[in-house]
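Notes follow once the structure below has been shown.
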Amino acid sequence: MNLKCLTKVTSMSVILFSLMICNTLKSQNKMNTEVPKISDFPTGEENTGFAQYFTGKSWLAPLTKNSDLNVPLSNVTFEPGCRNNWHSHTGGQLLIVVGGEGLYQERGKPARHLKTGDIVEIAPNIEHWHGATAGSWFSHLATTGNPKTNENKWLEPVTDEVYQEANNQIKK
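The working numbering applies: residue 785 is where the sequence shown begins, and numbers increase by one.
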């Protein structure tokens, strides 16, 4: 076989190999786009209404409908690596972890590793963020205190550095 033929065969082999890898990665990505069942609560729809306040994708399932009860409750599901921006609630917030592993952090304090069954009580006007760990899906029930007057104050995104530091803390 001469050098020209060998070069063409090698080039074709590299192209075919590259196409095989791309197709494999595409099929793996398709397999990973389905939201796993990590709790007995519904996942709901992709949270496009609040997507601007999240890094990554989340899903929202409102669980209560009777506004006279004054207890709005939703299941929020985060893909691995997803977290919301720093924010606060004038009425405070309550989170009940129902699946996966997550993180919660108040500004100026160390992050807290969250697992199923954990409860986070957030006082009014405390700046904080919460979301999934880098390696796990995460789901929590969320409600706010004083829902008729509660206001969310959305702030800046959580930086990759702050998020990575929070993930590193749980490994210790």
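Ideal Cβ positions, reconstructed from N, Cα and C, are used throughout, including at glycine.
Of the residues E949, W921, G901 and A950, which one's Cα is nearest the Cα of K821? The residue labelled residue 821 in the question sits at position 37 within the sequence shown. Check the Cα spacing between K821 and each of E949, W921, G901 and A950: the tightest is with W921.
Could you tell me if E885 is buried or exposed, where buried requires 16 or more neighbouring beta carbons within 10 angstroms of its beta carbon? Taking the first residue of the sequence shown as 1, we reach residue 885 at position 101. By the neighbour-count criterion, in which a residue is buried when 16 or more other Cβ atoms sit within 10 angstroms of its Cβ, E885 is buried.
Classification of I805 by the beta-carbon crowding that lies within 10 angstroms, buried from 16 upward: Counted from its first residue, the sequence shown places residue 805 at position 21. Unreliable positioning characterises I805 in this predicted model, as indicated by a pLDDT of 39, which lies under 50. The coordinate reading is nonetheless provided below. Counting C-beta atoms within 10 angstroms of its own C-beta, I805 has fewer than 16 neighbours from the protein chains shown and is therefore classed as exposed.
In the DSSP output, which residue or residues are listed as bridge partners for K937? Taking the first residue of the sequence shown as position 1, residue 937 is located at position 153. Its beta-bridge partners are S872.
Are F873 and N934 touching if we call contact CB-CB under 8 angstroms? On the sequence shown, residue 873 is found 89 positions in, with the first residue counted as 1. On the sequence shown, residue 934 is found 150 positions in, with the first residue counted as 1. A small fix is needed here, since residue 873 is His in this sequence, not Phe. Yes, Cβ-Cβ distance for H873 and N934 is below 8 angstroms.
Cβ atoms of L925 and N859: under 8 angstroms apart, would you say? For this step, residue 859 is matched to residue 75 along the sequence shown. For this step, residue 925 is matched to residue 141 along the sequence shown. It is a contact, given that the beta carbons lie within the stated cut-off.
CB-CB under 6 angstroms to L904, same chain, minus the five flanking residues each way: which ones, in chain order? By one-based count along the sequence shown, residue 904 stands at place 120. Sequence check: residue 904 is Val here, not Leu. Excluding its 5 nearest sequence neighbours in each direction, V904 has C-beta neighbours in its own chain below 6 angstroms: L879 and Y888, listed in chain order.
Going by other Cβ atoms of all chains shown within 10 Å of its Cβ, with 16 needed for buried, is W938 buried or exposed? Translated into the one-based positions of the sequence shown, residue 938 becomes position 154. Exposed, because fewer than 16 other Cβ atoms sit within 10 Å of the Cβ of W938.
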